[in-house]
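Residue numbers (the numbering used here), protein chains in the order written: chain A, 1 to 47; chain B, 48 to 353; chain C, 354 to 651.
Glycine included, each C-beta is placed from N, C-alpha and C at the ideal position.
All figures in this text were calculated on a predicted structure; none of them were measured in a lab.
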Amino acid sequence: DLHKRYVLSEAHYEDPFIKSLQTKKEYIASGFRADYVYDRMLTEAFM
Amino acid sequence: YRHSTQYRFWSFTPERLAQIRSDVNARVTTKTQLDMKVFLESHPNLTQDELAAIKVKAVPVSPHEELLLVNYFARMILSFAGKMNLPTEVAATAVSFFRKFFLSNSVMEFPPKEVFHTTLFFACKSENYFMGVESFAKKAKTSADAVLKHEFKLLESLNFTLMNHHPYKALHGFFLDIQNVLSGKVDMKYMGQVYTNCKKSISDALLTDAIYFYTPPQITLAILLTEDEALMMRYMQLKFNLNVDTSSANGQKEFKQEDPSAINAERLLEIIKSCQAVIEEKIIPAKDDAVKITAKIHYSQNPISV
Amino acid sequence: EYSKEKKVGEGTYAVVYLGTKRSSNRRIAIKEIKTSGFKDGLDMSAIREVKYLQEMQHVNVIELVDVFMAQNNLNLVLEFLPADLEMVIKDTSILFTQADIKSWLLMTLRGVHHCHRNFILHRDLKPNNLLLSPDGQLKIADFGLARNMGSPQEFLTSNVVTRWYRAPELLFGARHYTGAVDMWSVGVIFAELMLRIPYLPGKDDIDQIDVTFRALGTPTDKDWPEISTFSAYNKIQIYPPPSREELRRRFIAATENALDLMSGMLLMNPHKRLDPIQCLTSEYFLELPEPTVPSELP
Numbered sequence: 001d002l003h004k005r006y007v008l009s010e011a012h013y014e015d016p017f018i019k020s021l022q023t024k025k026e027y028i029a030s031g032f033r034a035d036y037v038y039d040r041m042l043t044e045a046f047m
Numbered sequence: 048y049r050h051s052t053q054y055r056f057w058s059f060t061p062e063r064l065a066q067i068r069s070d071v072n073a074r075v076t077t078k079t080q081l082d083m084k085v086f087l088e089s090h091p092n093l094t095q096d097e098l099a100a101i102k103v104k105a106v107p108v109s110p111h112e113e114l115l116l117v118n119y120f121a122r123m124i125l126s127f128a129g130k131m132n133l134p135t136e137v138a139a140t141a142v143s144f145f146r147k148f149f150l151s152n153s154v155m156e157f158p159p160k161e162v163f164h165t166t167l168f169f170a171c172k173s174e175n176y177f178m179g180v181e182s183f184a185k186k187a188k189t190s191a192d193a194v195l196k197h198e199f200k201l202l203e204s205l206n207f208t209l210m211n212h213h214p215y216k217a218l219h220g221f222f223l224d225i226q227n228v229l230s231g232k233v234d235m236k237y238m239g240q241v242y243t244n245c246k247k248s249i250s251d252a253l254l255t256d257a258i259y260f261y262t263p264p265q266i267t268l269a270i271l272l273t274e275d276e277a278l279m280m281r282y283m284q285l286k287f288n289l290n291v292d293t294s295s296a297n298g299q300k301e302f303k304q305e306d307p308s309a310i311n312a313e314r315l316l317e318i319i320k321s322c323q324a325v326i327e328e329k330i331i332p333a334k335d336d337a338v339k340i341t342a343k344i345h346y347s348q349n350p351i352s353v
Numbered sequence: 354e355y356s357k358e359k360k361v362g363e364g365t366y367a368v369v370y371l372g373t374k375r376s377s378n379r380r381i382a383i384k385e386i387k388t389s390g391f392k393d394g395l396d397m398s399a400i401r402e403v404k405y406l407q408e409m410q411h412v413n414v415i416e417l418v419d420v421f422m423a424q425n426n427l428n429l430v431l432e433f434l435p436a437d438l439e440m441v442i443k444d445t446s447i448l449f450t451q452a453d454i455k456s457w458l459l460m461t462l463r464g465v466h467h468c469h470r471n472f473i474l475h476r477d478l479k480p481n482n483l484l485l486s487p488d489g490q491l492k493i494a495d496f497g498l499a500r501n502m503g504s505p506q507e508f509l510t511s512n513v514v515t516r517w518y519r520a521p522e523l524l525f526g527a528r529h530y531t532g533a534v535d536m537w538s539v540g541v542i543f544a545e546l547m548l549r550i551p552y553l554p555g556k557d558d559i560d561q562i563d564v565t566f567r568a569l570g571t572p573t574d575k576d577w578p579e580i581s582t583f584s585a586y587n588k589i590q591i592y593p594p595p596s597r598e599e600l601r602r603r604f605i606a607a608t609e610n611a612l613d614l615m616s617g618m619l620l621m622n623p624h625k626r627l628d629p630i631q632c633l634t635s636e637y638f639l640e641l642p643e644p645t646v647p648s649e650l651p
């Protein structure tokens with residue numbers, strides 16, 4: 001799907017839950033990526 | 048989504064879904080009537096009263112009664128999963144498995160009570176929330192055998208399709224995209240409350256047939272429309288280039304499509320509104336409905352007990 | 354509809370037969386899932402195989418042709434794939450070129466990309482799970498360890514991926530990892546295709562950490578923030594990362610772009626490790642030699 005119906009713009013997202021995970025050491029060390037989470041949720045919304 | 052098994056095997060028109068349910072009921076009704084015939088032939092000494100009682104009480108349940116009973120137990124799955132502290136998606140998958148099971152099996156063949164725990168346990172496994180059958184049985188106050196008894200039948204009735212796309216992730220996605228599209232115009236605290244309310248409404252929607260008629264995003268937008276029409280409309284206008292043409296004759300808000308190449312927003316709005324209507328058609332059977340129907344099933348499957 | 358003609362393999366939870374789909378006379382493999390003896394009902398590996406393969410139709414992912422019950426056993430009907438990449442790598446009588454390597458890597462990355470864009474982690478990529486069809490197509494198989502990419506709050510198990518192909522974050526016990534663990538495995542497979550011997554063959558989980566860091570350097574908090582929070586981190590040996598020269602010596606036939614791509618897949622910090630799209634669009638696939646056409650692969 002070349003034309004996704006959304007623009008992933010992390011700067012606009014005020015997502016307290018995800019943002020809190022991004023600051024946790026074990027999440028950072030594991031390679032946790034907030035943008036992967038956002039991408040998945042947006043894909044489920046626009047599929 | 049069109050490649051998903053949820054779309055390919057588990058989306059129906061309302062007519063088709065009604066047909067499926069009545070076919071299942073008809074199959075078992077025929078069998079029950081045949082069994083009844085055999086029973087009456089093998090019990091020639093029944094008195095007139097007994098015969099009359101059997102004729103009245105030992106009758107197969109109707110498709111609607113089946114639907115009531117299935118919905119009653121599906122609702123119980125959600126509350127039971129809550130008590131077991133199972134994640135939302137696991138509970139949603141259990142409801143999905145349970146309701147799909149009774150699209151190819153009748154409550155007269157498989158007592159919903161027996162399938163109840165199997166769908167919950169299988170949903171835990173399918174959603175990577177694995178717990179041993181013994182500890183599950185203990186929490187559920189049943190036996191491991193009872194939990195596993197219909198596992199194969201369940202998997203087969205699911206047509207071996209286990210992946211569920213529930214509207215919860217779509218809700219999270221729209222929660223993000225609304226912030227982007229309406230950036231600076233939404234109060235985040237308020238949005239948090241909207242999100243929580245919508246999540247609860249999604250769980251209720253899983254108990255309706257909307258999940259067979261619409262896609263998860265459509266269900267989510269329908270729930271958002273119910274939750275906060277103004278917010279939803281503003282989002283639709285900006286996102287899908289809907290412009291509100293208030294000059295129309297009958298004063299009714301008409302939506303004109305500006306950029307036809309994008310999603311057909313008018314069409315989308317129609318779908319969302321029809322989805323909203325289906326979600327609002329909640330079937331909430333009372334406990335004594337369930338008790339009566341269960342008794343009827345018992346009599347129809349065991350006329351001697353009448 | 355299906356015949357089981359010959360038993361070709363037996364694992365912990367399944368027996369594999371060769372057979373034929375009668376209506377089309379198509380050769381197929383039937384994975385018969387053992388069901389007795391599993392106290393928790395149907396085995397998780399079987400559930401995963403069915404759940405994820407049903408959702409994917411892609412030339413570089415093994416096709417699940419059908420599923421059926423018979424004699425209370427669950428049977429997965431899969432496409433027939435007679436060979437795998439491990440066989441090819443080990444069989445030194447088979448000569449293969451840089452173009453062949455590029456072709457196998459391209460097909461592997463396309464398959465992994467399809468899994469990841471469906472938010473599915475494979476979690477057991479290794480040469481003998483990359484099967485080869487008679488027409489040369491490479492297909493990712495064995496989804497018994499696969500799972501959906503985690504929801505944010507979930508804790509995933511770190512005890513996944515066969516040891517030699519296991520990413521450093523998994524070796525340290527990470528619970529919130531991403532598709533980067535699959536990319537690491539592909540990087541190690543790429544190295545093995547060029548060397549024709551396993552690249553990071555640890556003897557056990559502890560040795561695996563040592564072998565990995567001896568070959569690629571021990572990461573520090575500077576290049577991998579918070580790595581020192583892993584409890585196992587304090588007990589490891591510190592090795593310098595290899596110089597570019599050293600890498601060239603190890604992979605003498607590799608081009609600069611090949612080394613860049615491999616190094617990108619083997620970046621220690623999972624945040625920075627290349628994802629499938631970055632790999633597929635890398636210079637390596639734009640430079641000569643072109644990847645061998647699958648039907649001409651050995």
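Query	Result
Own chain partners of E385(C) with C-beta closer than 7 Å, once the 5 adjacent residues on each side are dropped	A367, V368, Y370, N426, N428
Uninterrupted alpha helix (DSSP H) stretches inside the segment 216-286 of chain B (no shorter than 4 residues)	235-252, 257-260, 263-274, 276-286
Option nearest M329(B) by Cα separation, candidates P264(B), N175(B), Y119(B)	The question names Met, but residue 329(B) in the sequence shown is Lys. Nearest option by C-alpha distance: Y119(B).
Listed by chain order, chain A residues near T267(B) by CB distance under 8 Å	A45
For E363(C), three-class secondary structure by DSSP	strand
Outcome for N211(B) when other beta-carbon atoms lying within 10 angstroms are tallied against a minimum of 16	buried
Candidates D393(C), K588(C), Y355(C), of which the one nearest S376(C) by Cα	Y355(C)
Given 8 Å, three or more beta-carbon pairs between the segment 621-635 of chain C and the segment 528-548 of chain C	yes
C-beta neighbour in chain A for M502(C), strict 9 Å	yes
Q410(C) beta carbon near the ligand SAM (any heavy atom closer than 8 Å)	The ligand content of the structure shown is nil, which means the ligand SAM is not present either.
Top-ranked residue by Cα proximity to R281(B), from V233(B), T255(B), D192(B)	V233(B)
Whole alpha helix (DSSP H) elements within the segment 379-408 of chain C, 4-residue minimum	397-406
Three-way DSSP call (helix, strand, coil) for I493(C) in this model	strand
Closer than 7 Å at the beta carbon, the chain C residues around V37(A)	P505
Under 7 Å by beta carbon: chain B residues contacting K404(C)	S173, L209, M210
Within 9 Å, strictly: CB atoms of W517(C) and Q561(C)	yes
Chain-ordered neighbours of G394(C) on chain B, where CB pairs are closer than 7 Å	V180, L195, E198
Paired residues, beta bridge with E432(C) - DSSP	I381(C)
Chain-order list of residues whose beta-carbon lies under 8 Å from that of Q299(B) (same chain, five-residue window excluded)	Any reading at Q299(B) needs caution, since the residue's pLDDT is 45, under 50, leaving its predicted position unreliable; the model's value is listed next. Cβ within range, chain order: n/a, list empty.
Sequence-distant residues of the same chain with beta carbon closer than 7 Å to L64(B), five excluded per side	D256, Y259
Straight-line Cα distance separating L462(C) from C632(C)	7 Å
With 16 other Cβ atoms within 10 Å as the buried cut-off, status of N349(B)	exposed
S581(C) versus N587(C): straight-line alpha-carbon distance, rounded	7 Å
For G362(C), the nearest candidate out of L438(C), R379(C), I383(C), I442(C) (CA to CA)	I383(C)
DSSP state of V414(C) mapped onto helix, strand, coil	strand
Contained alpha helix (DSSP H) runs [length at least 4] in the segment 138-204 of chain B, N- to C-terminal order	159-173, 180-187, 191-195, 198-204
Residue from Q80(B), T140(B), R122(B), Q66(B) whose Cα sits closest to the Cα of K160(B)	R122(B)
Cβ separation of N471(C) and M409(C), assumed to be a contact under 8 Å, to the nearest whole Å	6 Å
Neighbourhood of L76(B) by C-beta, 7 Å cutoff - its chain only, sequence neighbours within 5 removed	Per the sequence shown, the amino acid found at residue 76(B) is Thr instead of Leu. Closer than 7 Å at Cβ, skipping near neighbours: P107.
Reference A269(B), options D251(B), I318(B), V142(B), K286(B), closest by Cα	I318(B)
Simplified DSSP state of P307(B), which is helix, strand or coil	For P307(B), the predicted structure reports a pLDDT of 48, less than 50, and the residue's modelled location is therefore unreliable. A value from the coordinates is still provided. In the structure shown, P307(B) sits in coil (DSSP, three-state: anything other than H, G, I, E or B).
The segment 96-103 of chain B contacting the segment 312-326 of chain B, beta-carbon criterion three pairs below 8 Å	no
Contact with chain A by Y366(C), beta-carbon distance below 9 Å	no
Backbone CA spacing between Q304(B) and N288(B) [nearest angstrom]	Its pLDDT being 46, under 50, Q304(B) is placed unreliably in this model, and the value from its coordinates should be taken loosely. Their Cα atoms are separated by approximately 7 Å.
Rounded straight-line distance, which links the Cα of G464(C) to that of S411(C)	The question names Ser, but residue 411(C) is His in the sequence shown. Rounded to the nearest angstrom, the two C-alpha atoms are 7 Å apart.
Nearest-angstrom Cα separation, counted from H111(B) out to E26(A)	52 Å
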